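**Q**
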Amino acid sequence: MILLIEPFRKRRKKLCDLLSRERIIGVDSIPETLEMVCKFKNNFEIIIANIHLLYEILSRETLFRLCNKLYIDIPPLLGLYTR
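Right under this line is the structure:
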């Protein structure tokens with residue numbers, strides 16, 4: 010399962026079409042991201058995020074603290090930069 014964090018709906022749709030996976034969850038904000046991590050826990054193979062949202066998540070360390078509280082491994086993160 011892939012968690013895709015992209016604030017723009019059209020870009021998120023195009024990325025979902027490019028990725029050949031049957032289960033891609035697209036979200037557009039940090040609270041939704043944390044909610045999906047809580048909901049699906051260790052099922053994520055990778056998190057693909059817009060570089061600006063990824064910076065906010067990493068600078069506040071919210072994802073790391075949440076994973077520690079849930080006793081799960083931090084999934085691999087991939088930053089996506091678009092103009």
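In this note's numbering, the protein residues as written are 10 to 92. Cβ atoms here follow ideal geometry from the backbone N, Cα and C, with glycine treated the same way. None of the values given here were measured: they were computed from a predicted structure.
Scan the region 20-51 and note each continuous alpha helix (DSSP H) run of 4 residues or more that stays entirely inside, going in chain order.
**A** List check, alpha helix (DSSP H) in window: 39-49.
**Q** Any idea if T42 is buried or exposed, counting beta-carbon neighbours within 10 angstroms, 16 or more meaning buried?
**A** Mapped onto the sequence shown, residue 42 falls at position 33. T42 comes out buried.
**Q** Going by DSSP, name the residue or residues bridged to L67.
**A** Position 58 of the sequence shown, counted from the first residue, corresponds to residue 67. DSSP, once it has assigned bridges, lists no residue as partnering L67.
**Q** Taking the CB atoms as reference points, tell me whether I14 and L75 lie closer together than 9 Å.
**A** Taking the first residue of the sequence shown as position 1, residue 14 is located at position 5. Taking the first residue of the sequence shown as position 1, residue 75 is located at position 66. For I14 and L75, no; Cβs fall outside 9 Å.
**Q** Pick out whichever of L87, Y80, L89, R92 has its Cα sitting closest to the Cα of C47.
**A** As a position in the sequence shown, residue 47 is number 38, starting the count at 1. Cα-wise, what sits closest to C47 is Y80.
**Q** Relative to the C-alpha of L86, which residue among A58, T71, M45 is closest?
**A** In the sequence shown, residue 86 corresponds to position 77, counting from 1. When each option's Cα is compared against that of L86, the closest is A58.
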